[in-house]
Structure formats: C-alpha cells, structure tokens
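Engineer:
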Amino acid sequence: MAKASRYDVVVVGSGFGGSISALRLAQAGKSVLVLERGKRYRPGDFPRDVTRTDEVLWRHATRRKAQGLYDVRFLSGIGTVTASGVGGGSLIYANVHVRPDANVFEDPRWPRTYRRDSLEPYFDKVARELRLNPVPPSMPLRKRDLFQRAARGMGRETFDPPVAVAFSEPPGPGRRVCQLCAECEFGCQHGAKNTMDLTYRRGRRRWGRWSWPVRSSPTWSRCGMGTASTARTWCRESGTPWRARGWCWPRGRWARWRYCCAAGTSRGRCLG
Ligand SMILES: Cc1cc2nc3c(=O)[nH]c(=O)nc-3n(C[C@H](O)[C@H](O)[C@H](O)COP(=O)(O)OP(=O)(O)OC[C@H]3O[C@@H](n4cnc5c(N)ncnc54)[C@H](O)[C@@H]3O)c2cc1C
Ligand code: SF4
Numbered sequence: 026m027a028k029a030s031r032y033d034v035v036v037v038g039s040g041f042g043g044s045i046s047a048l049r050l051a052q053a054g055k056s057v058l059v060l061e062r063g064k065r066y067r068p069g070d071f072p073r074d075v076t077r078t079d080e081v082l083w084r085h086a087t088r089r090k091a092q093g094l095y096d097v098r099f100l101s102g103i104g105t106v107t108a109s110g111v112g113g114g115s116l117i118y119a120n121v122h123v124r125p126d127a128n129v130f131e132d133p134r135w136p137r138t139y140r141r142d143s144l145e146p147y148f149d150k151v152a153r154e155l156r157l158n159p160v161p162p163s164m165p166l167r168k169r170d171l172f173q174r175a176a177r178g179m180g181r182e183t184f185d186p187p188v189a190v191a192f193s194e195p196p197g198p199g200r201r202v203c204q205l206c207a208e209c210e211f212g213c214q215h216g217a218k219n220t221m222d223l224t225y226r227r228g229r230r231r232w233g234r235w236s237w238p239v240r241s242s243p244t245w246s247r248c249g250m251g252t253a254s255t256a257r258t259w260c261r262e263s264g265t266p267w268r269a270r271g272w273c274w275p276r277g278r279w280a281r282w283r284y285c286c287a288a289g290t291s292r293g294r295c296l297g
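The numbering used here numbers the first residue of the sequence shown as 26 and each following residue consecutively.
Encoded structure:
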C-alpha cells in the first residue's frame with residue numbers, strides 16, 4: 026500500500042505499456058503511482074464459471090457495474106477483447122513473443138528512430154525479464170507434432186516461438202511449471218505464466234517509490250496526451266484520494282500535470 030500522496034508521474038493502466046513504463050520511470054528516480062481499474066488476480070483466482078458473468082466480464086450490457094476480467098466491446102465493424110486486472114492483457118494473452126520483421130518499420134508511420142536493429146536491445150531486455158523460451162522440444166505436445174507434420178507436408182517450415190512461460194522449474198513461491206492445460210487465455214491458475222504482475226511488478230521492491238496496485242474509477246471523464254484532463258481517482262482499499270505533484274484538486278477531481286496513459290484500447294466513457 027502506498028503511503029505518499031504526491032507523485033512525479035501517474036501511470037494509468039498496468040498492462041505491458043504501463044508496467045514497463047512505471048518500472049523504468051522509477052529506476053530513473055521518479056516517484057510513480059500506477060492506477061489500475063481491475064482487481065489483482067493470483068494463481069487460482071481466475072474465473073472459470075461462465076454463469077458468473079460479473080466475475081467474467083467488465084461492465085457488460087446488463088450489469089454496468091460488473092468488474093470482471095474481460096472487457097469486451099463491439100464497435101462499428103470490429104470487436105475488441107482486453108483484460109481488466111493488475112497486469113492488464115498479460116493475464117489473458119497467449120504468451121507468444123515474436124519480433125517483427127525489419128521491413129515492418131519501413132512503413133513511414135513509424136518514427137525513424139524505431140528500427141528493428143535499434144529496438145533489438147529492448148526486445149532482448151524484455152526477453153530476459155519475462156524469461157522467454159520456446160516449449161522444450163522434449164516436451165510431448167501432440168498438437169505441435171501434428172502441426173509440424175502438416176507443415177512439412179506442405180513444404181513449409183515451422184518454429185516454436187518464445188513464450189513467457191516456465192517449463193522447467195517453478196518460477197516463484199506458490200507457482201508451478203506449465204501443466205500444458207491450454208488455459209493461458211483464461212488466466213493461468215498455476216502461476217506458470219510470467220505476467221506483468223509477477224515480473225515487472227517485482228521491481229517495485231527494488232524501486233520503493235513505485236506504488237501499486239491502486240484501483241481507479243473506470244469512468245474517466247477525459248484523457249489525452251498533452252491536453253488538460255480530469256479523472257476521479259481513489260484508492261479502493263483506503264478510500265483516500267491520490268494526488269500527483271503539480272495536480273490540483275477541484276471538488277474531488279484531479280487536473281493532472283504529467284501522466285502516462287497506458288490504458289490499452291480501453292475507451293472508458295471517453296478515453297483517447
Ligand atoms: C486473448 C488475447 C491473446 C493475446 N495474445 C497475444 C500474444 O500471444 N502475443 C502478443 O504479443 N500479444 C497478444 N495479445 C495482445 C496483447 O495482450 C496486447 O497487445 C497488450 O496487452 C496491449 O498492452 P497495453 O499496455 O497497450 O494494454 P493492456 O495490456 O490492455 O493494459 C491496459 C490496462 O489499463 C487498464 N485500464 C483501462 N482503463 C483504465 C482506467 N480508466 N483506469 C485505470 N486502468 C485502466 C486495464 O484494466 C488494463 O489493465 C493478446 C490479446 C488478447 C486479448
Ligand atoms: S499451466 Fe496452462 S494456463 Fe498456465 S501457462 Fe501452462 S498451458 Fe497456459
């Protein structure tokens with residue numbers, strides 16, 4: 026639980042973007058507060074009973090107050106699924122880390138400094154932190170064997186991508202190696218996935234001024250880089266409002282000075 030009430034930077038969202046930003050900012054000497062709307066899931070906590078929709082879904086059509094794991098949205102011509110919880114999408118992603126081909130960065134929409142070779146050291150850093158490795162070849166996996174056979178039949182090559190999963194030894198207390206249950210996208214009940222809350226969050230201990238988790242209101246009123254914004258935000262556990270350095274406090278709302286918006290694809294009421 027955080028003690029301070031003022032921070033250099035407030036990071037909104039604790040997924041891949043938020044967790045990594047928070048840790049690196051803390052390492053750079055900034056005091057950081059991470060705000061996360063969803064709850065903390067420990068191995069064994071993930072919902073499995075689909076009839077308990079409030080645990081499964083975030084603010085679904087019939088229960089706008091539900092605070093479950095999956096935030097499912099239907100937009101014009103596209104549907105999105107994101108996670109709501111400490112660790113964000115890492116809780117429900119498929120753990121696969123594939124580095125983009127160099128030619129992806131030739132698209133002029135990428136900043137010129139972003140190139141495969143300039144990003145390589147950072148990909149390496151993430152690979153170390155998330156302890157990426159492929160499924161060991163010695164591990165029996167019928168689905169993979171059939172896939173490889175089919176590919177060979179078509180004259181195509183296959184490879185086992187690196188995944189953020191522990192296969193050989195338990196990655197920490199209360200966690201187990203992968204049980205090959207294929208439930209990665211429902212939340213790993215065994216703690217075998219190296220999710221953000223179990224990896225980057227550990228940095229919190231080394232970088233004491235990084236405080237989280239704190240849950241914030243899902244009802245952002247406005248949010249956007251470089252524009253004035255306000256958000257109703259509080260610590261669920263203590264009910265205390267939080268302030269960041271330079272923020273003011275008109276009637277229980279914050280006007281922020283500096284924040285990092287890492288709330289994924291979430292629109293909230295008007296996020297973005
Ligand atoms: C089922 C599934 C499988 C996937 N598999 C892979 C894969 O194998 N490999 C891969 O590379 N990618 C995969 N992805 C994609 C990957 O998960 C996303 O690209 C990634 O999570 C995006 O990271 P992010 O930090 O932008 O947002 P997120 O990880 O979505 O994090 C956003 C966080 O912000 C929080 N938040 C939102 N609004 C607020 C608010 N108002 N206040 C406070 N907190 C808020 C959310 O609760 C969430 O925790 C998968 C995605 C899904 C859904
Ligand atoms: S134990 Fe199951 S859910 Fe966890 S990483 Fe392995 S296959 Fe995925």
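Cβ coordinates follow ideal geometry from the N, Cα and C atoms, glycine included.
1. Quick one: give me the first and last residue of the alpha helix (DSSP H) that Gly-43 is part of.
2. Taking the C-alpha atoms as reference points, what is the distance between Arg-62 and Gly-212?
3. Rounded C-beta distance between Ser-46 and Met-221? I'm assuming under 8 Å.
4. Please state whether the Cβ-Cβ distance between His-122 and Pro-187 is less than 8 Å.
5. For Lys-218, report the span of its beta strand (DSSP E) as first-last.
6. What is the DSSP secondary structure of Asp-126, reduced to helix, strand or coil?
7. Name all residues in chain order for which at least one heavy atom of ligand 2 lies closer than 6 Å to the residue's CB.
8. In the DSSP assignment, find the unbroken beta strand (DSSP E) run with Asp-96 in it and report its ends.
9. DSSP on Arg-270, reduced to helix/strand/coil?
10. For Leu-166, which residues of its own chain have a beta-carbon under 8 Å away from its beta-carbon, when the five flanking residues on both sides are left out?
11. Comparing alpha-carbon positions, which option in Arg-73, Val-35, Asp-74 and Pro-72 lies nearest Lys-55?
12. To the nearest angstrom, report how far apart Glu-182 and Arg-88 are at their CA atoms.
13. Measuring only from the beta carbon, is Asn-158 closer than 7 Å to any heavy atom that is part of ligand 1?
Structural biologist: This is what the structure gives:
1. One-based indexing of the sequence shown puts residue 43 at position 18. Element bounds for Gly-43: 41-52.
2. Start at 1 with the first residue of the sequence shown, and residue 62 comes out as number 37. Start at 1 with the first residue of the sequence shown, and residue 212 comes out as number 187. Approximately 17 Å between the Cα atoms of the pair.
3. Here residue 46 is taken as the residue at index 21 of the sequence shown, counted from 1. Here residue 221 is taken as the residue at index 196 of the sequence shown, counted from 1. Not a contact, Cβ separation roughly 11 Å.
4. Your numbering for residue 122 matches position 97 in the sequence shown. Your numbering for residue 187 matches position 162 in the sequence shown. Cβ atoms of His-122 and Pro-187: closer than 8 Å.
5. On the sequence shown, residue 218 is found 193 positions in, with the first residue counted as 1. Neither: Lys-218 is in no beta strand (DSSP E) and is coded neither H nor E.
6. Within the sequence shown, numbered from 1, the residue matching residue 126 stands at position 101. Coil at Asp-126, not helix or strand.
7. Val-190, Cys-203, Gln-204, Leu-205, Cys-206, Ala-207, Glu-208, Cys-209, Cys-213, His-215, Ala-217 and Lys-218
8. In the sequence shown, the residue the question calls residue 96 occupies position 71. Per DSSP, the unbroken beta strand (DSSP E) holding Asp-96 starts and ends at 95-100.
9. For the purposes of this step, residue 270 is identified with residue 245 of the sequence shown, where counting begins at 1. The pLDDT assigned to Arg-270 is 43, lower than 50, so where the model puts this residue is not dependable, and the model offers no usable value.
10. Here residue 166 is taken as the residue at index 141 of the sequence shown, counted from 1. The answer, listed in chain order, is Val-160 and Leu-205.
11. Here residue 55 refers to the residue found at position 30 when the sequence shown is read from its first residue. If we check each option's Cα against that of Lys-55, Val-35 comes out closest.
12. As a working mapping, residue 182 is identified with position 157 in the sequence shown. As a working mapping, residue 88 is identified with position 63 in the sequence shown. One C-alpha to the other measures close to 47 Å.
13. Looking up residue 158 in the sequence shown gives position 133. Because no heavy atom of ligand 1 lies under 7 Å away, the Cβ of Asn-158 does not count as near it: no.
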